[in-house]
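The structure appears below as structure tokens.
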Amino acid sequence: MSDQPRRPRPAGKPYRRPQKDPVRFLAFEALRAVDERDAYANLVLPPLLRKAREKGGFEARDAALATELVYGTLRRQGTYDAVIKACIDRPLREVDPPVLDVLSLGVHQLLGTRIPTHAAVSASVELARVVLGDGRAKFVNAVLRKVAQDDLDGWIAKVAPPYDEDPEDHLAVVHSHPRWIVSALWDSLGGGRAGLEELLEADNERPEVTLVARPGRSTTDELLREEAAVAGRWSPYAVRLAEGGEPGAIEAVRDGRAGVQDEGSQLVALALANAPLEGRDEKWLDGCAGPGGKAALLAALAAERGAFLLASEKLPHRAGLVAKTLDGNPGPYQVIAADGIRPPWRPGSFDRVLMDVPCTGLGALRRRPEARWRRRPEDLEGFATLQRGLLHTALDSVRVGGVVGYATCSPHLAETRAVVDDVLKQHGNGAELVDARPLLPGVPDLGEGPDVQLWPHRHGTDAMYLALIRRTG
């Protein structure tokens, strides 16, 4: 041992080991996965919650708070970034991403929840001590104390440019969407501030969980016997779960007889299935079937009529998901892994074809809020060739007199009407649009047609687009 005398501890508070808050630590883990691995929160969060429950002591209210922290932070990221930027003395890009995640979680607690100010700041600083260290925790504390000096409305008045000076940037900050998406949605809606703000607000609300009772395998009556279940608005096979409803706890969902499926997706499948045909109705195709929700509903509807469904998906692992989803379907079907641009089937083989093409996903920002920050305008160019190629394949694959449904979960005009118009011009007189509106009975505000655009703020669905096209030659 050393003969040197021990140095006395400095006067002041004794060192306290930081305490790990399991709820906020889990929320931080989820945000880091979204940022580092380009993961989606709806895929990352469930296994984290399940693991926390298995350890014990993690109750339903803890899971609800963690979910709110993750999704609320991601939805309001643009607004919160503007607030944080106003409270620091460096460019936002110079703040380390883990520090920014802790700050964003803290700002959401301060400005987006009813958590008391003191609790929001102290819990965030404690999280910073655990995951960042004491030094950066002091930075988090200083920033959050500045944020706590005003409420959300007060901060928006400070950081958002006036609407009259820059309408798009104002709405981008207020409603936490990238400016280019605000502009695109404005064009898609056809102008008008009120409707656009309603849509942007709807994108920031937590969507309901909607189930589909697959015909011949389950019924809405069976699903409505579940606690917190109410009938869907538009689809005869839809059942909505009130907040807190857990699909995995429902036997029909666990068995695959029912599934989780947005009502807009159900309406797309139903419209194609009910579109009038000329001649036989025996062979159906889902040309972009992964992960299998629409294919399962189409297969069940086809089975009721004695028709066969071919479900094709390019990626083998996604084709495997389709096969799992369709397992147990009462009628004939087949799942294959095939490239929709170079299909293995002969032209004119099918009576009905659904082509739900890959897209930017701007119609599902309620469910995948991180997508709005991940997408770029140049992504549209990457999808454009593929979308047109797949629609060409669909029209080549359907027989004369048959019907194609072109669908996409995006309201962006470059992914909807522009694609349909371009492909129809190239097909000349060999194809014509079918009015899709009568095939969505009871659904209001479907526009002038003949195509259909659904909206979260008008219909409570994802912003699904559908054009029905009959091959005439």
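Read in order, the letters of the sequence shown correspond to residues 448 to 920 in my numbering. Quick reminder that beta carbons are idealized off the backbone N, C-alpha and C, glycines included.
> Which first and last residues belong to the beta strand (DSSP E) in which Thr526 is found?
Replying inline: Not the beta strand (DSSP E): Thr526 falls in the alpha helix (DSSP H), residues Gln524 to Ala533.
> Is any heavy atom in the ligand HEM found nearer than 7 Å to the beta carbon of Ala854?
Replying inline: Absence of the ligand HEM from the depicted structure is noted, as is the absence of any ligand whatsoever, leaving it without description.
>> Rounding to the nearest angstrom, what Cα-Cα distance links Gly894 and Leu880 in this structure?
In response: 15 Å
>> Among the candidates Asp892, Arg819 and Ala718, whose CA atom is the shortest distance from the CA of Arg905?
In response: Asp892
> Which residue or residues does DSSP assign as beta-bridge partners of Asp909?
Replying inline: Asp909 is not bridged to any residue.
> Taking just the CA atoms, how far does His874 sit from Gly787?
Replying inline: 18 Å
>> Tell me which residues share the same chain as Ala474 and place their Cβ nearer than 7 Å to its Cβ, disregarding the 5 neighbours each side in the sequence.
In response: Ala513, Leu516, Val517 and Leu552
> What three-state label does DSSP hand Asp702 in the structure shown?
Replying inline: coil
> Pro897 and Ala883 look like a contact to me (Cβ under 8 Å); what is the Cβ gap, rounded to whole Å?
Replying inline: 6 Å
>> Could you tell me the alpha carbon to alpha carbon distance between Asp650 and Val491, rounded to whole angstroms?
In response: 20 Å
> Which stretch, first to last residue, makes up the alpha helix (DSSP H) that contains Trp627?
Replying inline: Arg626 to Leu636
> What residue ranges within the stretch 666-749 form continuous beta strand (DSSP E) runs of no fewer than 3 residues, ordered along the chain?
Replying inline: 676-678, 685-688, 705-707 and 730-733
> Around the Cβ of Lys498, are there at least 16 other Cβ atoms within 10 angstroms (buried) or fewer (exposed)?
Replying inline: exposed
>> With H, G and I counted as helix, E and B as strand and the rest as coil, what does DSSP make of Thr657?
In response: strand
>> What would DSSP say about Val769, mapped onto helix, strand or coil?
In response: helix
> Just the Cα atoms here: how many angstroms apart are Ser857 and Phe586?
Replying inline: 40 Å
> In the structure shown, what three-state DSSP assignment does Tyr610 receive?
Replying inline: coil
>> Can you give me the C-alpha to C-alpha distance between Trp627 and Val577, rounded to a whole angstrom?
In response: 37 Å
> So Leu837 is in the alpha helix (DSSP H); what residue range does that whole segment cover?
Replying inline: Asp826 to Ser844
>> Suppose the cutoff is 6 Å on Cβ atoms and the five residues either side in sequence are ignored; what does the same chain contact list for Ala811 look like?
In response: Cys856 and Asp909
>> On the criterion of 16 or more Cβ atoms from any shown chain inside 10 Å, does Val700 qualify as buried, or is it exposed?
In response: buried
> Any contact of the stretch 789-800 with the stretch 835-852, i.e. 3+ C-beta pairs under 8 Å?
Replying inline: yes
> On the three-state DSSP scale, how would you describe Gly503?
Replying inline: coil
> How many whole angstroms separate the CB atoms of Glu573 and Pro465, which I take to be in contact at a CB cut-off of 8 Å?
Replying inline: 6 Å
> Any idea what DSSP makes of Ile562, helix, strand or coil?
Replying inline: coil
> Cα separation between Leu688 and Glu612?
Replying inline: 42 Å
> Which residue or residues does DSSP assign as beta-bridge partners of Phe755?
Replying inline: Lys730
> Which residues bound the beta strand (DSSP E) around Gln781?
Replying inline: Tyr780 to Ala784
> Quick one: what does DSSP say Glu879 is sitting in, helix, strand or coil?
Replying inline: strand
> Thinking C-alpha only, which one of Val530, Phe472, Gly525 and Thr520 is nearest Asp509?
Replying inline: Phe472
> Do Asn721 and Ala743 have their C-beta atoms within less than 8 Å of each other?
Replying inline: no
> Considering only residues of the same chain and omitting the five flanking positions on each side of Leu757, which have a CB-CB separation below 6 Å?
Replying inline: Leu732 and Gln781
> So is Thr863 buried or exposed if we call it buried at 16+ other beta carbons inside 10 Å?
Replying inline: buried
>> Using C-beta distances below 7 Å, list every residue in its chain close to Gly679, excluding the 5 sequence neighbours before and after it, in chain order.
In response: Thr657, Ala685, Val686, Arg687 and Glu710
>> On the DSSP bridge list, what partners appear for Asp803?
In response: Ala854
> What's the gap between the Cα of Val870 and the Cα of Pro608?
Replying inline: 41 Å
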